[in-house]
Amino acid sequence: MKIGNVPYRSVWVDQEDGWSVHIFDQTRLPWALDILRLTGRDQVAHAIRSMQVRGAPLIGAVAAYGLALALRVDAADAAMERDAALLADTRPTAINLRWAIERMLARLRPLPAEARVAAAYDEAGRICDEDAAQNEAIGRHGLGLIQEIAARRGEGATVNILTHCNAGWIATVDWGTALAPIYMAHDSGLKVHVWVDETRPRNQGAALTAWELGSHGVPHTVIVDNAGGHLMQHGAVDMVIVGTDRVTRGGDVANKIGTYLKALAAHDNGVPFWVALPSTTIDWRVTDGLAEIPIEERASAEVTTVTGQTADGRIETVRVAPPGSHAANPAFDVTPARLVTGLMTERGLCAASQAGLAELFPERAGEA
Ligand code: MRU
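Below, the structure is given as structure tokens:
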């Protein structure tokens, strides 16, 4: 996607700059567009843990490059396995992270140590290219749904879409998952408007989704997380589209905390609730999302504080809870498949069910 007139991906390698890995520091957006240059494993691990990079597909891609950087220091078997495990453990919920590291190891293990660095950069590059292509395909499939709603609403009507967290291009390598169909609808001349959940505690909606949509000229309105149900009751939401960090073989969806409440409200109001994902987000080994998906618990300070920009341009973090109050911070929740209208994948749309996923991905359906 473009920033101004310059096309960017969310992660790239600069060969002339020592094959360093570049990302946008998402803890600084939307106030500053800082590019970080990552040159080692620990820098990559820190970037993922501190959420300088975030979003399920993107942390997988960046971790893959992290392994390439680590191999430049030591490409022997023991070091490679240690560094891969360290990178895979940086965040627990998004399966894309583990998927990317497992894919890297599958390519690298059979190779002699001296061939591993080049192969690792190559494989990480393939992961990035495939993610961008998959998200573009998700966008095309989702666009069909938005077109259907627009046709039903009648000439000139605006399609109102609610989204939670940030599942846009900076959460992936390019395009985004939930936002890809929205960008395509807007680019094709359809009238779309997005209700952007602010997404406390880290405000990925207010900070990142609003920044993305605004940069692309997509009309949007930031709302507090609790406004969605009210808007649905009053007919102001035509559909919900969210991304996800892990989908079970049966269609349960782990996503940013608060997604479940949006799904309940959508169900109660007959609003279609769609989840957009590349197949790298499906955990074929997991059946029961509630019981089996690990939910990241993050620092309580994320809840007791907010970060923003002062009138004179400084980025500051201030307390919103009294000192001494405890805070809990589960970062994700699980929406049961029964509340999900359908899944948008790179192969098309399907029901959030074992049968639905098996129809689109027959080659994976036998895995347990
Ligand atoms: O904690 P985050 O910001 O990494 O959480 C991100 C989300 O919940 C996204 O919806 C999900 O990763 C899908 S990104 C295409």
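According to the working numbering, the residues represented by the sequence shown are 4 to 371, in order. Where is the CB? At the ideal position from N, CA and C, for every residue including glycine. As the structure is a prediction and not an experimental result, all values here were calculated from the model.
A334 Cβ short of 7 Å to the ligand MRU heavy atom set: The residue labelled residue 334 in the question sits at position 331 within the sequence shown. For the ligand MRU, at least one heavy atom lies less than 7 Å from the Cβ of A334.
Residue interval of the beta strand (DSSP E) (run including A268): Along the sequence shown, one-based indexing puts residue 268 at 265. Where A268 is concerned, there is no enclosing beta strand (DSSP E), although the alpha helix (DSSP H) it sits in stretches over T262 to N272.
Beta-carbon proximity list for T161, same chain, < 6 Å, skipping 5 on both sides: As a working note, residue 161 is residue 158 in the sequence shown. Cβ within range, chain order: K194 and H196.
T161 Cβ short of 7 Å to the ligand MRU heavy atom set: Position 158 of the sequence shown, counting from 1, holds the residue named residue 161. The answer is no for T161.
Test item: CB-CB of A135 and V176 under 8 Å: Along the sequence shown, one-based indexing puts residue 135 at 132. Along the sequence shown, one-based indexing puts residue 176 at 173. Cβ atoms of A135 and V176: closer than 8 Å.
Neighbourhood of P297 by C-beta distance below 7 Å, restricted to the same chain and skipping five residues each side: Indexing the sequence shown from 1 puts residue 297 at position 294. P95 and T96, listed in sequence order.
Sub-8 Å separation of A48 and A78 beta-carbons: Taking the sequence shown and counting its residues from 1, the one referred to as residue 48 is at position 45. Taking the sequence shown and counting its residues from 1, the one referred to as residue 78 is at position 75. Not in contact: A48 and A78 (Cβ atoms no closer than 8 Å).
Distance cut-off 7 Å: A174 Cβ against heavy atoms of the ligand SAH: The model on display carries the ligand MRU but not the ligand SAH.
CA-to-CA distance, L70 to A330, given in whole angstroms: Taking the sequence shown and counting its residues from 1, the one referred to as residue 330 is at position 327. Taking the sequence shown and counting its residues from 1, the one referred to as residue 70 is at position 67. Whole-angstrom Cα-Cα distance: 34 Å.
S303 (DSSP reduced to helix, strand or coil): By one-based count along the sequence shown, residue 303 stands at place 300. Reduced to three states, the DSSP call for S303 is coil.
Nearest residue (CA-CA) to A314, options N8, T30, W34 and G21: As a position in the sequence shown, residue 314 is number 311, starting the count at 1. Comparing Cα positions, the closest option is W34.
Sheet register partners of Q312 (DSSP bridge): The sequence position of residue 312 within the sequence shown is 309, counting from 1. The partner list for Q312 (beta bridge, DSSP) reads I318.
Beta-carbon spacing of G292, V337 below 8 Å: Reading the sequence shown from its first residue, position 289 is the one you call residue 292. Reading the sequence shown from its first residue, position 334 is the one you call residue 337. A contact, by the Cβ cut-off of 8 Å.
Where N258 sits in the DSSP three-state scheme: Residue numbering aside, residue 258 sits at position 255 when the sequence shown is read from its first letter. It is a strand residue.
Residue span of the beta strand (DSSP E) that contains H196, given as start and end: As a first step, residue 196 is located in the sequence shown; it is residue number 193 there, counting from the start. From DSSP, the beta strand (DSSP E) with H196 extends over V195 to D200.
Endpoints, beta strand (DSSP E) assigned at W15: As a working note, residue 15 is residue 12 in the sequence shown. Counting along the chain, the beta strand (DSSP E) containing W15 begins and ends at V14 to D17.
A183 versus A266 - alpha carbon distance: Position 180 of the sequence shown, counted from the start, is the residue given in the question as residue 183. Position 263 of the sequence shown, counted from the start, is the residue given in the question as residue 266. The alpha-carbon atoms of A183 and A266 are separated by roughly 20 Å.
N258 Cβ short of 7 Å to the ligand MRU heavy atom set: On the sequence shown, residue 258 is found 255 positions in, with the first residue counted as 1. Yes, the Cβ of N258 comes within 7 Å of a heavy atom of the ligand MRU.
For D241, the residue or residues it bridges with in DSSP: Counting from 1 along the sequence shown, the entry for residue 241 is found at position 238. D241 pairs with nothing; no bridge assigned.
DSSP state of W277 mapped onto helix, strand, coil: Taking the first residue of the sequence shown as position 1, residue 277 is located at position 274. The answer is strand: DSSP assigns W277 an E or B state.
Runs of alpha helix (DSSP H) lying entirely within the stretch 48 to 81, each at least 4 residues, in chain order: 59 to 76
Inter-residue spacing [alpha-carbon to alpha-carbon] between W172 and W214: Start at 1 with the first residue of the sequence shown, and residue 172 comes out as number 169. Start at 1 with the first residue of the sequence shown, and residue 214 comes out as number 211. Their Cα atoms are separated by approximately 11 Å.
I51 and A73 closer than 8 Å at C-beta: By one-based count along the sequence shown, residue 51 stands at place 48. By one-based count along the sequence shown, residue 73 stands at place 70. Going by C-beta atoms, I51 is not nearer than 8 Å to A73.
Contacting residues, own chain, Cβ-Cβ under 6 Å from E370 (five flanking each side not counted): Translated into positions along the sequence shown, residue 370 becomes position 367. These residues qualify, in order along the chain: W287.
Contact check, R249 vs I104, beta carbons under 8 Å: Within the sequence shown, residue 249 is the residue found at index 246, counting from 1. Within the sequence shown, residue 104 is the residue found at index 101, counting from 1. Not closer than 8 Å, so no.
Close Cβ partners of D86 (< 7 Å) along its chain, the five nearest in sequence each way excluded: Within the sequence shown, numbered from 1, the residue matching residue 86 stands at position 83. Here the set comprises R44, L70 and A73.
Proximity test, A59 beta-carbon vs the ligand MRU heavy atom, cut-off 7 Å: Here the question's residue 59 lines up with position 56 in the sequence shown. Yes, the Cβ of A59 comes within 7 Å of a heavy atom of the ligand MRU.
L360 and G273 closer than 8 Å at C-beta: By 1-based counting over the sequence shown, the position of residue 360 is 357. By 1-based counting over the sequence shown, the position of residue 273 is 270. Against a cut-off of 8 Å, the Cβ pair of G273 and L360 comes out as no contact.
Through-space distance from T251 to R367, alpha-carbon basis: Residue numbering aside, residue 367 sits at position 364 when the sequence shown is read from its first letter. Residue numbering aside, residue 251 sits at position 248 when the sequence shown is read from its first letter. In a straight line, the C-alpha of R367 is about 12 Å away from that of T251.
Endpoints, beta strand (DSSP E) assigned at L372: Any question about residue 372 goes unanswered here, given that the chain covers just 4 to 371.
Heavy atom of the ligand MRU within 7 Å of C168 beta-carbon: Residue numbering aside, residue 168 sits at position 165 when the sequence shown is read from its first letter. Yes.
6 Å CB neighbourhood of D37 in its chain, flanking five on each side removed: What you label residue 37 is simply residue 34 of the sequence shown in a count that begins at 1. Excluding positions up to five away in sequence, the list reads D28 and R31.
Of the residues V16, D241 and M83, the one placed nearest P113, counting alpha carbons only: As a position in the sequence shown, residue 113 is number 110, starting the count at 1. The residue with the shortest Cα to Cα distance from P113 is M83.
Separation of R143 from M187, as counted between CA atoms: Position 184 of the sequence shown, counted from the start, is the residue given in the question as residue 187. Position 140 of the sequence shown, counted from the start, is the residue given in the question as residue 143. Using only the alpha carbons, I get a separation of about 7 Å.
Beta-carbon separation (whole angstroms), I130 vs A64, contact threshold 8 Å: Numbered from 1 along the sequence shown, position 127 holds the residue referred to as residue 130. Numbered from 1 along the sequence shown, position 61 holds the residue referred to as residue 64. Contact holds; Cβ gap of about 5 Å.
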